[in-house]
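Just below is one structure, and these are the notes that go with it.
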Amino acid sequence: MQGLWLLLFGMVVGVFGGLFGIGGGLIIVPGLMLFFGLTQRQAQGTSLAVMIPPIGFFGALAYYNRGDIKLPIVGWVALGFMIGAYFGAVLHPRLPLPLLRVAFGLLLLYVGFTFVMYPAAEKTSTALPPAIAAIVSGIVAWALRKKRLPVAPKPESPNDDDTEYHI
Numbered sequence: 003m004q005g006l007w008l009l010l011f012g013m014v015v016g017v018f019g020g021l022f023g024i025g026g027g028l029i030i031v032p033g034l035m036l037f038f039g040l041t042q043r044q045a046q047g048t049s050l051a052v053m054i055p056p057i058g059f060f061g062a063l064a065y066y067n068r069g070d071i072k073l074p075i076v077g078w079v080a081l082g083f084m085i086g087a088y089f090g091a092v093l094h095p096r097l098p099l100p101l102l103r104v105a106f107g108l109l110l111l112y113v114g115f116t117f118v119m120y121p122a123a124e125k126t127s128t129a130l131p132p133a134i135a136a137i138v139s140g141i142v143a144w145a146l147r148k149k150r151l152p153v154a155p156k157p158e159s160p161n162d163d164d165t166e167y168h169i
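Heads up, the numbering used here is the position in the sequence shown plus 2, with the first residue counted as 1.
Pasting the structure below:
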């Protein structure tokens, strides 16, 4: 019976993906956590695994037939996505779950706020907002804080041999 619910869930995600061009992080991860009891780590890994087959092919085909796909952009974004997904998966286990949840929730809030308050027609810059760059840099630095370079041992002084000298 769970397979039927998962299939229905996948169809709902597909409808939203076709309507809005979203899926993985925005719908699949929270849905798997809330409705199917997966941990956030399991949901994120499962979401990435779902993307391996060409799930967006038929939806993308409909957009392509209407001329709504910029093919040169697809290749560059796909390449960046593949590289970024690898590094994100490597970094992921180094982050504590509470931080991961907060960062994910803040990202969703930021995206929602930006879409409501600043429609795409009003945007004048395509640069990454400094606040997002700072947050991502901070999370990465925090996660890697214990991965410091080894420090050379302090050389012993000649008087470190437990000998007492009295004058």
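Backbone N, C-alpha and C fix where the C-beta goes; we use that ideal spot for every residue, glycine too.
Option nearest residue i by Cα separation, candidates the options
i, options, result
"P95", "G20, K72, M53 and Q44", "Q44"
"G15", "I57, G47, G5 and G39", "The sequence shown places Val at residue 15, not Gly. Nearest of I57, G47, G5 and G39 to V15, Cα basis: I57."
"L108", "L9, M13 and L28", "L28"
"V52", "W78, M119, F117 and L8", "L8"
"F83", "L50, L111 and V118", "L50"
Between the CA atoms of residue j and residue i - distance to the nearest angstrom
i, j, result
"I54", "A87", "12 Å"
"L81", "A91", "16 Å"
"I24", "V17", "10 Å"
"I85", "L6", "33 Å"
"G69", "V76", "13 Å"
"V79", "F59", "16 Å"
"Q4", "M13", "14 Å"
"V118", "L73", "28 Å"
"L110", "T116", "10 Å"
"Y120", "L93", "31 Å"
"Y112", "F89", "22 Å"
Cβ-based neighbour list, residue i, same chain, cut-off 7 Å, excluding 5 preceding and 5 following
i, result
"F11", "G33 and F37"
"T48", "L34 and L40"
"G20", "G61"
Simplified DSSP state of residue i, which is helix, strand or coil
i, result
"Y66", "helix"
"I24", "coil"
"G16", "helix"
"I71", "coil"
"P56", "coil"
"L9", "helix"
Cβ-based neighbour list, residue i, same chain, cut-off 8 Å, excluding 5 preceding and 5 following
i, result
"Q42", "V31, M35, L99, L102, R103 and F106"
"I71", "A62 and Y65"
6 Å Cβ shell around residue i - same chain, five flanking residues per side excluded
i, result
"Q46", "V31"
Short CB-CB distance (under 9 Å) between residue i and chain D
i, result
"D70", "Protein chains in the displayed structure number just one, and chain D is not present."
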